[in-house]
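The sequence shown begins at 4 in the working numbering and counts up one residue at a time. Just below is one structure, and these are the notes that go with it.
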Amino acid sequence: MAASTIGKLHYTMKPKCLAVVGCLFGAILESHSQGYIVPNRVVYAGFQPLLGDQVNVLHDPTNSLYTAFGLRPQGPTTFSFDAIVDVSVRVFFVSPNDPISLPPILAQSYTELAFLNNYVFAVGVPFYVGLYTGNQNFHPPDGIYTDPLFGWARLVNNNGVIEMLDSALEYKGGGIYAGTQTIIPVPEPSSFSLIALGSLLFGSYGLRNCFCHKKRRKHLKLWPSSVGFSARFSNSRPKVTSCQMGLFMLASSPCLVATKWTFVMTPQTRSTPGLL
């Protein structure tokens with residue numbers, strides 16, 4: 004074919020496309036909110052006349068406001084449960100490494116300590132309780148806090164006195180694992196959802212806006228080859244839809260963002276892209 008019929012199309016991805024790719028992958032990388040540990044905010048208060056052996060739990064990190072629960076001795080191993088009825092704190096029997104978060108609470112996976120009920124704790128045997136409270140002014144009627152804090156406490160019956168051995172409290176996360184300081188991330192829009200959104204977005208714009216010159220718009224076909232992939236321009240109907248191409252773009256965008264591609268365009272002739 005005459006050299007005059009061969010043209011080279013040197014193209015760098017448009018800033019608009021780069022911005023979309025960057026935002027989508029940035030959102031995927033940040034698709035979970037981690038929260039943070041609020042240090043030393045589950046506090047053992049000892050015996051108090053109102054609640055018995057009392058444990059204070061922070062519910063407002065900004066203003067350092069606390070709620071509390073207590074276990075009142077009824078005998079050497081028997082204690083009744085009570086809690087302050089302001090914002091209050093919900094308390095559950097848990098085991099080490101149990102996830103203390105909203106899903107198992109809603110599923111009633113753990114036994115919740117009920118007001119004024121009696122419970123038996125063997126002397127010298129540590130046990131764990133999960134803590135669930137919230138950063139608000141009053142106890143929610145449905146028991147679900149809109150701005151929750153999750154935590155745990157490791158307690159022991161020391162000859163008729165409940166004492167605290169360890170604890171942890173997290174805020175702005177999705178929960179915490181009992182006996183650890185490992186926070187459960189808050190689930191946010193999944194990577195799959197973002198990829199699907201990206202494919203629709205690229206499909207709506209049309210990939211030809213990113214790869215084809217405005218004056219010479221022709222359909223692009225991609226298939227594997229020995230160098231990775233090849234490009235052919237044709238006037239025939241494309242076999243690859245724009246949504247499928249959008250998915251391909253999102254999967255390969257980390258490479259495309261950092262790379263400039265040059266396509267050697269020959270009408271009705273297969274050619275190979277090269278790197279600038």
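Glycine is no exception: its CB is placed at the ideal position from the N, C-alpha and C atoms. Owing to the predicted nature of the structure, the values given are computational and were not obtained by experimental measurement.
Could you tell me which whole alpha helix (DSSP H) segments of length 4 or greater appear in the segment 100 to 132? DSSP runs (the alpha helix (DSSP H)) wholly in the segment 100 to 132: 105 to 109.
Can you tell me whether Asn121 is buried or exposed? The criterion is at least 16 other CB atoms within 10 Å of its CB, across all chains shown. The residue in question, Asn121, is exposed, as its Cβ has fewer than 16 Cβ neighbours within 10 Å.
For Ala181, name the three-state secondary structure that DSSP assigns. Coil, per DSSP.
Could you give the distance in angstroms between the alpha-carbon of Val94 and the alpha-carbon of Asn162? Using only the alpha carbons, I get a separation of about 22 Å.
Whole angstroms is fine: what's the gap from Tyr148's alpha carbon to Gly55's? Rounded to the nearest angstrom, the two C-alpha atoms are 26 Å apart.
Could you work out which residue in Ser170, Asn43, Leu119 is closest to Phe82 when comparing CA atoms only? Out of Ser170, Asn43, Leu119, the CA that lies nearest to the CA of Phe82 is found in Leu119.
Could you round the C-beta distance between Val189 and Gly176 to whole angstroms and report it? I think they count as a contact, below 8 Å. Confirmed, about 6 Å.
Roughly how many angstroms lie between the CA atoms of Leu105 and Gly78, to the nearest whole one? If I take the Cα positions, the gap works out to 34 Å.
Can you check which of these residues, Ala86, Gly49, Asn100, Ser112, is closest to Tyr131 by C-alpha distance? Distances from the alpha-carbon of Tyr131 to those of Ala86, Gly49, Asn100, Ser112 put Asn100 closest.
Between the Cα of Tyr113 and the Cα atoms of Val97, Gly127, Phe124, which residue gives the shortest distance? Of the listed residues, the one whose Cα sits closest to Tyr113 is Val97.
Excluding the five sequence neighbours on either side, which residues of its own chain have a C-beta within less than 6 Å of the C-beta of Gln271, listed in chain order? In this prediction, Gln271 scores a pLDDT of 41, lower than 50, which makes its location untrustworthy; no coordinate-derived value is stated.
Compute the Euclidean distance between the alpha carbons of Val128 and Leu53, then round it to the nearest angstrom. For Val128 and Leu53, the distance between alpha carbons rounds to 25 Å.
How would you write the range of the beta strand (DSSP E) that Val164 sits in, first residue to last? Val164 -> no beta strand (DSSP E), and no H or E assigned at all.
Determine the DSSP secondary structure at Thr70, reduced to helix, strand or coil. In the three-state scheme derived from DSSP, where H, G and I count as helix and E and B as strand, Thr70 is classed as strand.
Close Cβ partners of Leu68 (< 7 Å) along its chain, the five nearest in sequence each way excluded: Taking C-beta separations shorter than 7 Å and ignoring five residues to either side along the sequence, the partners of Leu68 in its chain run His62, following chain order.
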